[in-house]
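Some notes on the structure that comes next.
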Amino acid sequence: MLHKQSLNNSYRPTLNQINVLLILIAIFYTQMINANPASSSINYSKERFYYSSNIIIEVEHFKQAIKAFEWLDLIRLTETGMETFNAIEMSGHQLLIYHSPSALLSAGVTGAPLSQNLTNGIGESVYIKFYLDMEDYGSNCVLGESGSYIHYSALHNLMHELVHARHKMNGTWLYFDSEGQAIREENKFRIDWATYRSTSYSLRYDDPDDEAIIMSQNGHCAISNIPEQ
Ligand SMILES: [Zn+2]
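If you read the sequence shown in my numbering, its first letter stands for residue 16, the second for the next number, and so on.
Given below as structure tokens:
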């Protein structure tokens, strides 16, 4: 008898309540997907941090955020880096830098909605897909002016993507010379960074093709055995 009574008193949702619940779950999922348009899959363990008012870092673990913040701070120490950050921050658009293992092979990707705003001075919000687990010496080597492969450190690599981002966010992107534009400014940064550290530098060949980026062998490029920081 006692058993029957407790069963009768237990809460049983009506069909309407179940429908409302299903609708709420659907809205929640839709919002999760819309909140993260740059990512093709949902990962609830991702965390986001603001580096500045319009630069957001999305990571899978806190160590990645520390690395990203450190690299961005170091880039900002140079004149070219500071100029790039100022342009990004004044653009009125948002930059999302997010970790992706698939960015390891491509050495980073900078994307934006393909619209005329990328070239007409208005700009768009942009994302950078980057492999934030990389070592400081970088995961790739690039073709140097001398014809040999040279280091593409994490700083060079991230600065290169920031240049793409800067121009897409300000509508100054050179559609027909996107890589040339980024490499020329990456080269300025290479000089600035070497001057800052009183070291020598190698410049990157500014007319790249498909062979221009290769994976490094534990930080070693074809011409050198000393990892460059
Ligand atoms: Zn590029």
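We put the beta carbon where it would ideally sit given N, CA and C, even for glycine.
Does ligand 1 have even one heavy atom less than 7 Å from the beta-carbon of residue i?
i      : result
Ala197 : yes
His235 : no
His76  : no
His175 : yes
His182 : no
His179 : yes
Glu194 : yes
Looking only at its own chain, which residues have a Cβ that is under 6 Å from the Cβ of residue i, when we skip the five neighbours before and after it?
i      : result
Ile137 : Gly186
Leu177 : Thr99
Arg199 : Asp221
Return the chain-ordered list of same chain residues with a C-beta closer than 7 Å to the C-beta of residue i, the five sequence neighbours on each side being excluded.
i      : result
Ile229 : Asn155, Cys156 and Tyr164
Lys203 : Thr95
Please work out which residues of its chain come closer than 8 Å, Cβ to Cβ, to residue i, disregarding the five sequence neighbours upstream and downstream, and give them in chain order.
i      : result
Ile71  : Arg63, Phe64, Tyr65, Gln109, Leu110, Leu111 and Ile112
Ala102 : Arg181, Met184 and Asn185
Using DSSP's beta-bridge definition, name the partner residues of residue i.
i      : result
Gly107 : None; Gly107 has no bridge partner.
Ile229 : Cys156
Ile70  : Ser67 and Leu110
Glu62  : Val74
Measuring straight from C-alpha to C-alpha, what distance separates residue i and residue j?
i      : j      : result
Leu158 : Ser217 : 10 Å
Ser213 : Ile206 : 10 Å
Arg219 : Lys78  : 30 Å
Thr95  : Ser121 : 24 Å
Tyr167 : Arg181 : 20 Å
Using a Cβ cut-off of 8 Å (strictly closer), state whether residue i contacts chain C.
i      : result
His182 : Protein chain content of the structure displayed is limited to a single chain, and chain C is not contained in it.
Curious, which full-length beta strand (DSSP E) runs of at least 3 residues does the segment 163-225 contain? For the segment 163-225, whole beta strand (DSSP E) runs of length 3 or above, ordered along the chain, are 164-167.
What alpha helix (DSSP H) runs, 4 residues minimum, are completely inside the segment 97-146? Counting only unbroken stretches of 4 or more residues, the alpha helix (DSSP H) elements lying wholly within the segment 97-146 are 118-121, in sequence order.
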